[in-house]
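Structure record follows, encoded as structure tokens.
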Amino acid sequence: MLKIYLCDIVLSVLFLNLINLTIVKCEDSVFRIRKCCAENELILERTGRCTEFKLLHANKHIYHINETDEGARFLTDINEDMQGLRPWWFPPQSDILSIKNNQSLMGFPKNYKVISGQGQPCEESETSFLPAYFYKYSFYDDGSIVVHPQKGLLESPIRFDPLSFCIDRIELEDDVSKDENFESVLDIPEVGDYMVMLCPCKKATCVLKCCELGMLFDMHDDRKDSCSLSDEVDDWSPVYLKDSDSAPDYFLLHGLPDCNPEESVVIPNYPDADNPGYIIFSNGTARIDGETFINQPLQFCGENFVDGKDGKVRNHILRCYPKNGVPDQWKIVQRILYGWASIVGAIFLFLTLFIHYSLPSLRKLNDKCIICQTWSLFSLHVSVAIANLATLSSHRRFCTLIGFLIQYSSLAAFFWLNVLCFDISYTFSSFRIARGSYTVITRRKQIFYYIYGWITPALIVGLTATVEYFPSVAEYLVKPEFSKSCWFRKDSIAQILYFYGPIAILLAINFFLFVYTMVKIIRARREISSTIRNRSQENKRFILYLKLFILMGVSWIMELISWAVGGPVYYWFLPDIINLLRSVFIFVSLCWKKQVIFNFQIQYLQD
């Protein structure tokens, strides 16, 4: 009986696993398509918006006669031909490939699911509009898309995940016909086509091309500089440097850079015809020959320029530049000041660590917590110094690593400050004799503090990196965009979610703990003053931690205000420098005390 019972269990488990595998296989085989507009809508080209139409030919597809004549189109019925039974808004001439063997499918997948009406999958400034009559792309049966190489767009095929694009039918005519009920009607094949709205910056390095495809920048005579059609000159291609084999390829967006109000677009260091005079790195930044200034991603555009004097074509870039024609010297001053202030701060933090490791009297649990927080601040200052004084833009991986290290060190410093606040609050919250060995209790607290102080900020940084680099994460999660600028994008909600938000929460908790501890101290003074007199060391420690809280809290509140308010960088030089030099005050508070100086003299300076 036992053998029969065991056999039944084994067979049941195998059967359930077989069912699960079948379900997973069926789920994986679903061809998921994102339609940009709602089911009864299509895209109006002149606005780029979804418009409701009465489709007289919703059961027909638009075919191109050839690739050279974009106006030559005809209608055909939607049927089970070699192209398969495709929705009216899905391009009939685009291949659908098998993800397993990369071969074209004989027909359109019957098991497909449409996700419609969600609009553009990313911001308009980072969206590439790819009409089917001009661009070539293929689809995979897992819902992804491959955009094929094309001059003026990209040089290597790039595959994008299903969340990076949507597809729909597009109406190309400016004047939409109306029926007797004054409803918009799509009735003429020559004005219809298909379009993919793609977010290339999720997978590739986006670079701006100043003009549209087939156009260049004309600078003839006194005419205002403008984009003009050119049949004789090839489309612009960037001078692009990949720092490693795994670095992303470039993808060209079209348009001028979106400069700040105090900036305008200029041509820097106009080059010779044979020398472009610039280089674009795989993180999207650009450097111009003879300059140390690094142009940030999407703050410049490249193009072929026709000189009005000699008629030669030059490959160069336009960039955002102050209207007064003077480089942003304040940012250069800012980087130098912040870098050297960080070095000074790191020196004082190193001295603090040296003294704590040198004196056996500074080995209690609270001293170990102070050492951990000091290590966090030391790592932060070294990272900030490297970020400001070194040229990292051409070393994308190291630059990104420094950005994550700054995030982790900052968060760890505040988590350890939270540990200190909790520890002093715990000390004053109970005057009872603790059960168990003092050594065992202290060891347990130390393990808990270490896990909380080091692991928790690591989890936040890990979440930041996961959202940044894993394409399978939920679409609604905000990306930090470390891969573009080595730090959070300016004015990004991600900076609140993954950086300023946790710090603000910790500061609020610390404030509550200090108020709670202060109330406990006042009550205890009234009730058992003799006990409090015996706790003079705890009172001093409370005052010390309160100084640390005020020092770090006020400086970071000023940092948060400067981030939220903005304005010229020199407005915030003083609070930022005080923030970076707070380590000097930390050294004075922790080490420049009579008892510490006396112990240090006894340890090292006695004869």
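Heads up: the sequence shown runs through residues -26 to -1, 1 to 581, numbered per mature numbering (1 follows the signal peptide of the UniProt record, and there is no 0). All C-beta atoms, glycine included, are put in the ideal place defined by N, C-alpha and C.
Which whole-angstrom value describes the C-beta separation of residue i and residue j, a residue pair presumed to lie in contact below a C-beta threshold of 8 Å?
{"i": "LYS87", "j": "ARG6", "result": "5 Å"}
{"i": "SER68", "j": "PHE108", "result": "With a Cβ gap of about 13 Å, SER68 and PHE108 do not count as contacting."}
{"i": "ASP115", "j": "SER72", "result": "6 Å"}
{"i": "GLU277", "j": "PHE389", "result": "Rounded, the Cβ-Cβ distance is 49 Å, inconsistent with contact."}
{"i": "VAL414", "j": "CYS343", "result": "About 18 Å; that fails the 8 Å criterion."}
{"i": "LEU311", "j": "CYS395", "result": "Between CYS395 and LEU311 the Cβ distance is about 31 Å, and since that is not below 8 Å, they are no contact."}
My output table needs one value for residue i: the three-state DSSP class, helix, strand or coil.
{"i": "CYS395", "result": "helix"}
{"i": "GLN94", "result": "coil"}
{"i": "ASN553", "result": "helix"}
{"i": "TYR490", "result": "helix"}
{"i": "ASN269", "result": "strand"}
{"i": "PHE456", "result": "helix"}
{"i": "GLU145", "result": "strand"}
{"i": "PRO431", "result": "helix"}
{"i": "PHE422", "result": "helix"}
{"i": "LEU16", "result": "strand"}
{"i": "ILE81", "result": "It is worth fixing the name first, because residue 81 is Gly in this sequence and not Ile. It is coil, neither helix nor strand."}
{"i": "SER200", "result": "strand"}
{"i": "HIS228", "result": "strand"}
{"i": "TYR382", "result": "helix"}
{"i": "ASN362", "result": "helix"}
{"i": "GLY285", "result": "coil"}
{"i": "HIS355", "result": "helix"}
{"i": "residue 582", "result": "Residue 582 falls outside the range modelled here, since the chain spans only -26 to 581, and no answer is possible."}
{"i": "PHE(-12)", "result": "Unreliable placement is indicated for PHE(-12), whose pLDDT of 45 sits below 50; no coordinate value is reported for it."}
{"i": "LYS87", "result": "strand"}
{"i": "ALA106", "result": "coil"}
{"i": "GLU277", "result": "strand"}
{"i": "THR413", "result": "helix"}
{"i": "ARG8", "result": "strand"}
{"i": "ALA260", "result": "strand"}
{"i": "LYS216", "result": "coil"}
{"i": "THR179", "result": "strand"}
{"i": "THR101", "result": "coil"}
{"i": "VAL207", "result": "coil"}
{"i": "ARG309", "result": "helix"}
{"i": "LEU323", "result": "helix"}
{"i": "GLU26", "result": "strand"}
{"i": "CYS346", "result": "helix"}
{"i": "ASP192", "result": "strand"}
{"i": "SER72", "result": "coil"}
Candidates the options: which alpha carbon is nearest residue i's?
{"i": "CYS373", "options": "GLY258, SER332, GLU265, LYS419", "result": "GLY258"}
{"i": "ASP223", "options": "VAL441, GLU186, PRO131, ASN76", "result": "PRO131"}
{"i": "ARG309", "options": "PHE267, THR430, VAL4", "result": "PHE267"}
{"i": "PHE561", "options": "THR438, TRP349, ASP115, ILE425", "result": "TRP349"}
{"i": "ILE254", "options": "LEU226, TYR472, ASP232, PHE103", "result": "LEU226"}
{"i": "THR440", "options": "THR430, ARG60, LYS453, TRP428", "result": "LYS453"}
{"i": "TYR295", "options": "PHE274, PRO65, TRP566, THR438", "result": "PHE274"}
{"i": "ASP232", "options": "ASN269, TYR252, CYS201", "result": "ASN269"}
{"i": "SER211", "options": "CYS343, TRP62, ALA178, LEU127", "result": "LEU127"}
{"i": "LEU137", "options": "ILE119, TYR111, ILE467", "result": "ILE119"}
{"i": "LEU203", "options": "PHE103, VAL280, ILE531", "result": "VAL280"}
{"i": "SER353", "options": "SER384, GLY427, ILE329", "result": "SER384"}
{"i": "GLU15", "options": "PRO123, SER99, TYR168", "result": "TYR168"}
Assign residue i to buried or exposed, taking buried as 16 or more other Cβ atoms, counted over all protein chains shown, within 10 Å of its Cβ.
{"i": "ILE434", "result": "buried"}
{"i": "ARG417", "result": "exposed"}
{"i": "TYR331", "result": "exposed"}
{"i": "GLY319", "result": "buried"}
{"i": "TYR443", "result": "exposed"}
{"i": "ARG23", "result": "exposed"}
{"i": "ASP209", "result": "buried"}
{"i": "VAL181", "result": "buried"}
{"i": "ASP205", "result": "exposed"}
{"i": "LYS125", "result": "exposed"}
{"i": "ALA364", "result": "exposed"}
{"i": "LEU59", "result": "exposed"}
{"i": "GLY93", "result": "exposed"}
{"i": "GLN347", "result": "buried"}
{"i": "LEU104", "result": "buried"}
{"i": "TRP566", "result": "exposed"}
{"i": "GLU145", "result": "buried"}
**Asked** Are there three or more Cβ pairs, one per stretch, closer than 8 Å when the region 470 to 479 is compared with the region 393 to 402?
**Response** Too few Cβ pairs lie closer than 8 Å, so no.
Tell me, please, whether the region 212 to 221 touches the region 168 to 177 by the rule of three or more beta-carbon pairs shorter than 8 Å.
No contact exists between the region 212 to 221 and the region 168 to 177.
| message | Taking 8 Å as the cut-off, does the region 285 to 292 touch the region 262 to 277 (at least 3 CB pairs, one atom from each stretch)? | response | Yes, the region 262 to 277 touches the region 285 to 292.
Stretch pair the region 7 to 17 + the region 134 to 142: three plus CB contacts closer than 8 Å
When C-beta atoms of the region 7 to 17 are compared with those of the region 134 to 142, three or more pairs fall below 8 Å, so the two segments count as touching.
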